[in-house]
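Chemist: Quick one: structure below, then a few questions.
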Amino acid sequence: MTLLQTPVAPEKRSPVRDEGKLERATARRNRRTYLALLLPGLLGLLVSFVFPLAYMVRMSFNQGSPDGVIVETFTLDTYIQPLTDPYYWRVTLDTFQMGVTVGILCVLVSYPVALFLARSTSKWRGLLIAIAIAPLLTSAVVRTYGWMVILGTNGLINSSLDGLGLIDTPLKLTNNMTGVTIGLVEIFMPYAILAMISGFGRLSSQLEEAAGSLGASKFKVFTRVTLPLCLPGLLTAFLLVFVLSISTFITPRLLGGGSVQVLATEIYDQTTGLLNWPFAAALSVILLVLFGLIIAVYQRLTKKIGG
(Lines of atoms letter the chains of each structure in order from A and count residues from 1; the text may use other names and numbers.)
(Lines give C-alpha, C1' and ligand atoms only; values in the text may rest on other atoms or scores of the structure.)
Protein backbone atom coordinates (compact mmCIF):
# COMPACT_ATOMS: atom_id res chain seq x y z
CA MET A 1 0.00 0.00 0.00
CA THR A 2 1.51 3.25 -1.05
CA LEU A 3 0.82 6.51 0.62
CA LEU A 4 -0.03 9.38 -1.58
CA GLN A 5 2.27 12.31 -0.77
CA THR A 6 0.68 15.63 -1.03
CA PRO A 7 2.85 18.13 -2.85
CA VAL A 8 4.38 20.76 -0.58
CA ALA A 9 3.57 24.25 -1.68
CA PRO A 10 6.64 26.45 -2.28
CA GLU A 11 7.41 28.87 0.52
CA LYS A 12 6.06 32.27 -0.22
CA ARG A 13 8.52 35.10 0.21
CA SER A 14 7.41 38.20 1.99
CA PRO A 15 7.66 41.28 -0.24
CA VAL A 16 8.47 43.36 2.85
CA ARG A 17 11.39 41.06 3.77
CA ASP A 18 12.73 41.14 0.21
CA GLU A 19 12.57 44.90 0.12
CA GLY A 20 14.43 45.10 3.45
CA LYS A 21 17.21 42.84 2.17
CA LEU A 22 17.45 44.87 -1.00
CA GLU A 23 17.67 48.13 0.94
CA ARG A 24 20.41 46.76 3.22
CA ALA A 25 22.39 45.48 0.26
CA THR A 26 22.03 48.84 -1.48
CA ALA A 27 23.12 50.66 1.69
CA ARG A 28 26.22 48.45 2.00
CA ARG A 29 27.06 49.01 -1.65
CA ASN A 30 26.62 52.77 -1.24
CA ARG A 31 28.86 52.80 1.83
CA ARG A 32 31.59 50.99 -0.07
CA THR A 33 31.23 53.47 -2.93
CA TYR A 34 31.40 56.48 -0.61
CA LEU A 35 34.45 55.01 1.14
CA ALA A 36 36.18 54.40 -2.19
CA LEU A 37 35.48 57.99 -3.24
CA LEU A 38 36.66 59.41 0.09
CA LEU A 39 39.78 57.29 0.34
CA PRO A 40 42.00 59.39 -2.01
CA GLY A 41 41.04 62.61 -0.24
CA LEU A 42 41.53 61.04 3.20
CA LEU A 43 44.95 59.74 2.21
CA GLY A 44 45.91 63.15 0.85
CA LEU A 45 44.71 64.84 4.05
CA LEU A 46 46.60 62.29 6.13
CA VAL A 47 49.86 62.79 4.25
CA SER A 48 49.67 66.56 3.80
CA PHE A 49 48.11 67.61 7.13
CA VAL A 50 47.88 64.96 9.85
CA PHE A 51 51.42 63.59 9.57
CA PRO A 52 53.10 67.05 9.40
CA LEU A 53 50.97 68.27 12.29
CA ALA A 54 51.86 65.23 14.39
CA TYR A 55 55.53 65.68 13.53
CA MET A 56 55.37 69.35 14.54
CA VAL A 57 53.74 68.51 17.88
CA ARG A 58 56.37 65.84 18.56
CA MET A 59 59.13 68.25 17.55
CA SER A 60 57.87 70.79 20.09
CA PHE A 61 58.80 68.42 22.94
CA ASN A 62 62.41 68.04 21.78
CA GLN A 63 65.31 70.14 23.02
CA GLY A 64 67.07 72.66 20.79
CA SER A 65 70.71 73.68 21.18
CA PRO A 66 72.54 76.89 20.18
CA ASP A 67 74.41 75.09 17.38
CA GLY A 68 71.16 73.96 15.76
CA VAL A 69 71.34 70.33 16.87
CA ILE A 70 67.98 68.84 17.87
CA VAL A 71 68.13 66.60 20.92
CA GLU A 72 65.51 63.83 20.81
CA THR A 73 63.83 63.91 24.22
CA PHE A 74 60.52 64.75 25.86
CA THR A 75 60.60 68.04 27.72
CA LEU A 76 58.22 70.90 28.44
CA ASP A 77 60.95 73.53 28.46
CA THR A 78 60.00 74.72 24.97
CA TYR A 79 56.50 75.52 26.28
CA ILE A 80 57.55 76.87 29.66
CA GLN A 81 59.72 79.59 28.13
CA PRO A 82 57.08 81.27 25.91
CA LEU A 83 54.45 80.88 28.65
CA THR A 84 56.63 82.52 31.33
CA ASP A 85 58.63 85.07 29.33
CA PRO A 86 56.88 88.50 29.18
CA TYR A 87 58.36 89.08 25.71
CA TYR A 88 56.46 86.16 24.18
CA TRP A 89 53.32 87.13 26.03
CA ARG A 90 53.67 90.53 24.37
CA VAL A 91 54.21 88.90 20.97
CA THR A 92 51.15 86.68 21.42
CA LEU A 93 49.01 89.61 22.57
CA ASP A 94 50.17 91.75 19.63
CA THR A 95 49.35 88.90 17.26
CA PHE A 96 45.85 88.56 18.72
CA GLN A 97 45.23 92.32 18.67
CA MET A 98 46.44 92.55 15.08
CA GLY A 99 44.09 89.76 14.01
CA VAL A 100 41.09 91.30 15.77
CA THR A 101 41.82 94.83 14.47
CA VAL A 102 42.38 93.70 10.88
CA GLY A 103 39.30 91.47 11.03
CA ILE A 104 37.00 94.24 12.30
CA LEU A 105 38.32 96.89 9.90
CA CYS A 106 38.22 94.51 6.96
CA VAL A 107 34.60 93.59 7.70
CA LEU A 108 33.60 97.26 8.07
CA VAL A 109 35.26 98.26 4.80
CA SER A 110 34.13 95.21 2.81
CA TYR A 111 30.52 95.05 4.05
CA PRO A 112 29.10 97.83 1.82
CA VAL A 113 30.78 96.32 -1.25
CA ALA A 114 29.55 92.81 -0.44
CA LEU A 115 26.02 94.03 0.32
CA PHE A 116 25.89 95.92 -2.97
CA LEU A 117 27.11 92.90 -4.93
CA ALA A 118 24.70 90.55 -3.14
CA ARG A 119 21.72 92.78 -3.93
CA SER A 120 22.74 93.68 -7.46
CA THR A 121 20.53 92.39 -10.25
CA SER A 122 22.55 94.00 -13.01
CA LYS A 123 23.81 91.93 -15.91
CA TRP A 124 27.27 93.18 -14.96
CA ARG A 125 27.09 91.58 -11.52
CA GLY A 126 29.52 88.82 -12.47
CA LEU A 127 31.98 91.35 -13.83
CA LEU A 128 31.69 93.48 -10.69
CA ILE A 129 32.41 90.47 -8.48
CA ALA A 130 35.41 89.62 -10.64
CA ILE A 131 36.71 93.18 -10.25
CA ALA A 132 36.23 92.98 -6.47
CA ILE A 133 38.36 89.85 -6.19
CA ALA A 134 40.82 90.81 -8.94
CA PRO A 135 43.53 91.83 -6.43
CA LEU A 136 43.91 88.12 -5.62
CA LEU A 137 45.55 87.75 -9.03
CA THR A 138 48.49 89.79 -7.73
CA SER A 139 50.94 88.33 -5.23
CA ALA A 140 50.70 89.59 -1.65
CA VAL A 141 54.42 90.35 -1.83
CA VAL A 142 53.93 92.75 -4.75
CA ARG A 143 50.99 94.44 -3.06
CA THR A 144 52.95 94.80 0.16
CA TYR A 145 55.82 96.47 -1.70
CA GLY A 146 53.24 98.76 -3.27
CA TRP A 147 52.03 99.79 0.18
CA MET A 148 55.63 100.42 1.23
CA VAL A 149 55.86 102.95 -1.61
CA ILE A 150 52.50 104.52 -0.77
CA LEU A 151 53.03 104.73 3.00
CA GLY A 152 56.73 105.56 3.00
CA THR A 153 58.26 108.79 4.29
CA ASN A 154 58.42 110.18 0.76
CA GLY A 155 55.46 108.13 -0.41
CA LEU A 156 52.23 109.15 -2.05
CA ILE A 157 50.32 109.93 1.16
CA ASN A 158 53.03 112.00 2.85
CA SER A 159 53.89 113.81 -0.38
CA SER A 160 50.24 114.69 -0.99
CA LEU A 161 49.65 115.89 2.57
CA ASP A 162 52.86 117.90 2.51
CA GLY A 163 51.96 119.44 -0.83
CA LEU A 164 48.59 120.50 0.58
CA GLY A 165 50.30 122.02 3.61
CA LEU A 166 48.48 119.74 6.05
CA ILE A 167 51.60 118.34 7.72
CA ASP A 168 55.04 119.72 8.59
CA THR A 169 56.78 116.40 9.18
CA PRO A 170 56.07 113.11 7.40
CA LEU A 171 53.68 110.74 9.13
CA LYS A 172 55.23 107.50 10.33
CA LEU A 173 53.09 104.96 8.50
CA THR A 174 55.65 102.19 8.02
CA ASN A 175 57.81 100.12 10.35
CA ASN A 176 54.95 99.99 12.82
CA MET A 177 51.64 98.24 13.42
CA THR A 178 49.69 101.00 11.67
CA GLY A 179 51.25 100.27 8.29
CA VAL A 180 50.91 96.51 8.80
CA THR A 181 47.21 96.91 9.62
CA ILE A 182 46.55 99.08 6.54
CA GLY A 183 48.33 96.64 4.27
CA LEU A 184 46.57 93.57 5.68
CA VAL A 185 43.11 95.15 5.45
CA GLU A 186 43.60 95.82 1.74
CA ILE A 187 45.16 92.41 1.07
CA PHE A 188 42.36 90.45 2.77
CA MET A 189 39.40 92.50 1.54
CA PRO A 190 38.66 90.13 -1.39
CA TYR A 191 38.46 87.17 0.99
CA ALA A 192 36.05 89.07 3.24
CA ILE A 193 33.87 90.06 0.29
CA LEU A 194 33.61 86.50 -0.97
CA ALA A 195 32.85 85.17 2.52
CA MET A 196 30.10 87.74 3.04
CA ILE A 197 28.45 87.17 -0.34
CA SER A 198 28.30 83.44 0.34
CA GLY A 199 26.97 84.06 3.86
CA PHE A 200 24.15 86.42 2.86
CA GLY A 201 21.81 83.56 1.95
CA ARG A 202 19.26 84.59 4.60
CA LEU A 203 19.08 88.16 3.30
CA SER A 204 15.66 88.87 1.82
CA SER A 205 14.47 92.07 0.22
CA GLN A 206 10.86 91.03 0.92
CA LEU A 207 11.46 91.20 4.67
CA GLU A 208 12.94 94.66 4.30
CA GLU A 209 9.96 95.80 2.23
CA ALA A 210 7.57 94.33 4.81
CA ALA A 211 9.32 96.20 7.62
CA GLY A 212 9.19 99.41 5.61
CA SER A 213 5.50 98.96 4.88
CA LEU A 214 4.84 98.63 8.61
CA GLY A 215 6.31 102.08 9.20
CA ALA A 216 9.93 101.30 10.06
CA SER A 217 12.49 103.88 9.00
CA LYS A 218 15.42 102.93 6.78
CA PHE A 219 17.73 103.00 9.78
CA LYS A 220 15.48 100.64 11.74
CA VAL A 221 15.10 98.36 8.74
CA PHE A 222 18.86 98.13 8.50
CA THR A 223 19.48 97.59 12.22
CA ARG A 224 16.49 95.32 12.90
CA VAL A 225 16.28 93.32 9.65
CA THR A 226 19.24 93.67 7.29
CA LEU A 227 22.10 93.56 9.77
CA PRO A 228 20.82 90.55 11.80
CA LEU A 229 20.33 88.58 8.59
CA CYS A 230 23.88 89.46 7.53
CA LEU A 231 25.50 88.46 10.83
CA PRO A 232 26.42 84.87 9.77
CA GLY A 233 28.27 86.23 6.75
CA LEU A 234 29.97 88.92 8.82
CA LEU A 235 31.15 86.40 11.41
CA THR A 236 32.45 84.08 8.71
CA ALA A 237 34.35 86.92 7.06
CA PHE A 238 35.82 88.03 10.39
CA LEU A 239 36.94 84.49 11.24
CA LEU A 240 38.56 84.03 7.84
CA VAL A 241 40.40 87.35 7.97
CA PHE A 242 41.46 86.79 11.58
CA VAL A 243 42.96 83.39 10.81
CA LEU A 244 44.76 84.72 7.73
CA SER A 245 46.04 87.77 9.63
CA ILE A 246 47.60 86.04 12.63
CA SER A 247 49.30 83.48 10.39
CA THR A 248 50.65 85.89 7.77
CA PHE A 249 54.37 86.56 7.57
CA ILE A 250 55.21 88.66 4.51
CA THR A 251 53.31 91.85 5.34
CA PRO A 252 54.37 92.14 9.02
CA ARG A 253 57.96 91.48 8.00
CA LEU A 254 58.10 94.02 5.13
CA LEU A 255 55.78 96.78 6.37
CA GLY A 256 56.83 96.20 9.97
CA GLY A 257 60.48 96.62 9.05
CA GLY A 258 61.60 94.28 11.83
CA SER A 259 60.02 96.40 14.57
CA VAL A 260 56.70 94.51 14.49
CA GLN A 261 57.07 91.07 16.04
CA VAL A 262 54.19 88.63 15.81
CA LEU A 263 54.09 84.87 16.17
CA ALA A 264 54.61 84.24 12.45
CA THR A 265 57.75 86.38 12.26
CA GLU A 266 59.05 84.92 15.52
CA ILE A 267 58.56 81.38 14.21
CA TYR A 268 60.46 82.33 11.06
CA ASP A 269 63.34 83.78 13.08
CA GLN A 270 63.55 80.70 15.27
CA THR A 271 63.65 78.31 12.30
CA THR A 272 65.95 80.18 9.91
CA GLY A 273 68.01 82.43 12.17
CA LEU A 274 68.47 80.53 15.41
CA LEU A 275 67.79 77.04 13.98
CA ASN A 276 65.75 76.24 17.08
CA TRP A 277 63.12 74.05 15.50
CA PRO A 278 61.63 72.66 18.75
CA PHE A 279 60.97 76.18 20.07
CA ALA A 280 59.49 77.23 16.71
CA ALA A 281 57.26 74.15 16.80
CA ALA A 282 56.08 75.08 20.30
CA LEU A 283 55.20 78.59 19.10
CA SER A 284 53.33 77.04 16.17
CA VAL A 285 51.32 74.87 18.55
CA ILE A 286 50.47 77.96 20.62
CA LEU A 287 49.32 79.66 17.43
CA LEU A 288 47.23 76.60 16.59
CA VAL A 289 45.62 76.71 20.04
CA LEU A 290 44.79 80.36 19.42
CA PHE A 291 43.09 79.28 16.19
CA GLY A 292 41.07 76.73 18.12
CA LEU A 293 39.90 79.21 20.73
CA ILE A 294 38.67 81.65 18.11
CA ILE A 295 36.90 78.89 16.19
CA ALA A 296 35.22 77.72 19.41
CA VAL A 297 33.95 81.25 20.08
CA TYR A 298 32.78 81.44 16.46
CA GLN A 299 30.83 78.19 16.83
CA ARG A 300 29.13 79.46 19.98
CA LEU A 301 28.14 82.72 18.31
CA THR A 302 26.79 81.02 15.18
CA LYS A 303 24.72 78.62 17.28
CA LYS A 304 23.37 81.52 19.31
CA ILE A 305 22.45 83.46 16.17
CA GLY A 306 20.96 80.41 14.50
CA GLY A 307 19.01 79.48 17.61
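Using my numbering, the letters of the sequence shown map in sequence onto residues 354 to 660.
Here a beta-carbon is modelled for each residue, glycine too, at the ideal position from N, C-alpha and C.
Should the stretch 544-555 be regarded as contacting the stretch 462-473, the criterion being three or more beta carbon pairs within less than 8 Å?
Modeler: Yes: the two stretches touch, three or more of their Cβ pairs being nearer than 8 Å.
Chemist: Hey, could you find the ends of the alpha helix (DSSP H) residue 494 is sitting in?
Modeler: Within the sequence shown, the letter at position 141 stands for residue 494. Where residue 494 is concerned, the enclosing alpha helix (DSSP H) stretches over 493-504.
Chemist: Considering just the uninterrupted stretch of the alpha helix (DSSP H) at residue 571, what are its terminal residues?
Modeler: The residue you call residue 571 lines up with position 218 of the sequence shown. Unbroken alpha helix (DSSP H) run through residue 571: 571-574.
Chemist: Measuring CB to CB, does residue 444 end up less than 8 Å from residue 619?
Modeler: Looking up residue 444 in the sequence shown gives position 91. Looking up residue 619 in the sequence shown gives position 266. Contact: yes.
Chemist: Would you grab the beta carbon distance between residue 643 and residue 623 for me? Rounded to a whole angstrom, and I think it's under 8 Å.
Modeler: Counting from one through the sequence shown, the residue named residue 643 turns up at place 290. Counting from one through the sequence shown, the residue named residue 623 turns up at place 270. Actually they are not in contact, since the Cβ atoms of residue 643 and residue 623 sit about 17 Å apart, beyond 8 Å.
Chemist: Run through DSSP, which three-state label would residue 423 get?
Modeler: As a first step, residue 423 must be located in the sequence shown, where it is residue number 70. Three-state result, residue 423: strand.
Chemist: Do residue 598 and residue 646 have their CB atoms nearer than 8 Å?
Modeler: Within the sequence shown, residue 598 is the residue found at index 245, counting from 1. Within the sequence shown, residue 646 is the residue found at index 293, counting from 1. No, these two residues do not count as a Cβ contact at 8 Å.
Chemist: Please classify residue 442 as buried or exposed, where buried requires at least 16 neighbouring CB atoms within 10 angstroms.
Modeler: Walking along the sequence shown from the start, residue 442 turns up at place 89. It counts as exposed.
Chemist: If you draw a straight line from the C-alpha of residue 607 to the C-alpha of residue 501, how long is it?
Modeler: In the sequence shown, residue 607 corresponds to position 254, counting from 1. In the sequence shown, residue 501 corresponds to position 148, counting from 1. Cα-Cα distance, rounded: 8 Å.
Chemist: DSSP puts residue 417 in a beta bridge; with which residues?
Modeler: Indexing the sequence shown from 1 puts residue 417 at position 64. Answer by DSSP bridge pairing, in chain order: 423.
Chemist: When you compare only the Cα positions, how much space is there between residue 435 and residue 581?
Modeler: Stepping through the sequence shown from its first residue, residue 435 is reached at position 82. Stepping through the sequence shown from its first residue, residue 581 is reached at position 228. Each residue's Cα considered, the two are about 40 Å apart.
Chemist: For residue 447, collect the residues of the same chain with a Cβ closer than 8 Å to its Cβ; drop the 5 residues on either side in sequence, then sort them by chain order.
Modeler: As a working note, residue 447 is residue 94 in the sequence shown. Excluding positions up to five away in sequence, the list reads 530, 613, 614 and 615.
Chemist: Measuring only the C-alpha atoms, how far is residue 671 from residue 430?
Modeler: In this structure the chain extends from 354 to 660, so residue 671 is not present and cannot be described.
Chemist: Could you check what DSSP says for residue 630 in three-state terms: helix, strand or coil?
Modeler: Your numbering for residue 630 matches position 277 in the sequence shown. Looking at residue 630 - three-state DSSP - the assignment turns out to be helix.
Chemist: With residue 602 as the anchor, note down where its alpha helix (DSSP H) starts and where it stops.
Modeler: Taking the sequence shown and counting its residues from 1, one reaches residue 602 at position 249. Element bounds for residue 602: n/a, residue is neither H nor E.
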